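Student: Have a look at the structure that comes next, please.
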Amino acid sequence: MEKMLLVSELRKNFGAVAAVDGVSFGVGPGEIVGLLGPNGAGKTTTISMILGILEPSGGQILIEDRSRMNFAAVYAPLPGNLTVTENLRIFGLIYGVDDFPKRLAELLKQFDLEKYRNTKAGLLSSGEQTRLCLAKAMLNKPRLLLLDEPTASLDPAAAREIRAEIKDFTGRGQGAVLWTSHNMHEVEEVCDRVLFLSHGKILLEGDPRALPERHGKKTLEDLFVAVAREPLSL
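Under our numbering, residue 1189 is the last one in the sequence shown; the count climbs by one each step, no gaps.
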């Protein structure tokens, strides 16, 4: 595959409601693609179908290597009664990680978690829990990383660190990221391309730094508001 992820005419119906309605896009190596839109636009449903949590009503999803895919989201924290090391060990077993002690040491250092290795996850701050979730997501050295609002509950300093980690991940040219966010300043900083969803359809697509002017808006945030409130005007 030329793409790490290729989605074609993807659909998901819940009764008479089309949550995702004929969505097509791809994500290539070294690329961060933003999946944007207001609540209810179909973002999380799309990611859930890519992960295999939801069965599509139609369409096709092609993934270069499903065993080298991973996921992180603020609404999917790791078990709080397990320590950092215990959480990572369990997922290491699930993913079949070779030489787990070495990989554990690498990730604890990369995500600044060494001093918390024996701390229960539920006692970590929001930023520390997010770093733990990303460490879990990196355990199997993913080629495709799905991030659903990964910095939503973080303070600016912690969010900046997470963005830097993800940009470094794709900067090596080996991984691809599909990223959802409501923070348009963040999107402009990290995303190479964005897809705006509205009522389950892709309404706009392109460079987040060029799209606003193309559609008569001053900022990406203005464009986001227009997609949410006045999609027909676009």
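Think of the CB as a built atom: it goes at the ideal place given N, C-alpha and C, for glycine as much as any other residue. Everything numeric in this text was worked out from a predicted model, so none of it was measured.
Tell me the rounded alpha-carbon separation between G1130 and A1092.
Tutor: So the alpha carbons of these two residues sit roughly 12 Å apart.
Student: Buried or exposed: which applies to S979, given that a residue is buried once 16 or more other Cβ atoms fall within 10 Å of its Cβ?
Tutor: S979 comes out exposed.
Student: Which of the three DSSP states is assigned to T1174 in this structure?
Tutor: Residue state, collapsed to three classes: coil.
Student: Tell me which residues share the same chain as L1006 and place their Cβ nearer than 7 Å to its Cβ, disregarding the 5 neighbours each side in the sequence.
Tutor: Excluding positions up to five away in sequence, the list reads F1026, L1101.
Student: Pick from A996, R1127, L961: whose alpha carbon is nearest that of A974?
Tutor: Ranking the options by Cα distance to A974, first place goes to A996.
Student: Would you list the one or two residues that DSSP bridges to L1099?
Tutor: BP columns for L1099 point to M1024, A1131.
Student: Where are the alpha helix (DSSP H) runs, 4 residues long or more, that stay fully inside the region 1039-1104, in chain order?
Tutor: The qualifying runs are 1039-1050, 1055-1065, 1081-1093.
Student: Roughly how far, in whole angstroms, is the beta-carbon of A1076 from the beta-carbon of L1087, given that I think they are within contact range, below 8 Å?
Tutor: 6 Å between Cβ atoms; contact.
Student: Mind checking E1083: buried by the 16 CB within 10 Å criterion, or exposed?
Tutor: Classification of E1083: buried, given that the 10 Å Cβ count is 16 or more.
Student: With 16 as the cutoff for other CB atoms within 10 Å, does T1106 come out buried or exposed?
Tutor: Buried is the call here.
Student: Can you have a look at D1054 and say buried or exposed, based on whether 16 or more other CB atoms are within 10 angstroms of its CB?
Tutor: Exposed, by the Cβ-count rule.
Student: Starting from I1117, trace the alpha helix (DSSP H) both ways and give me its first and last residue.
Tutor: Unbroken alpha helix (DSSP H) run through I1117: 1111-1126.
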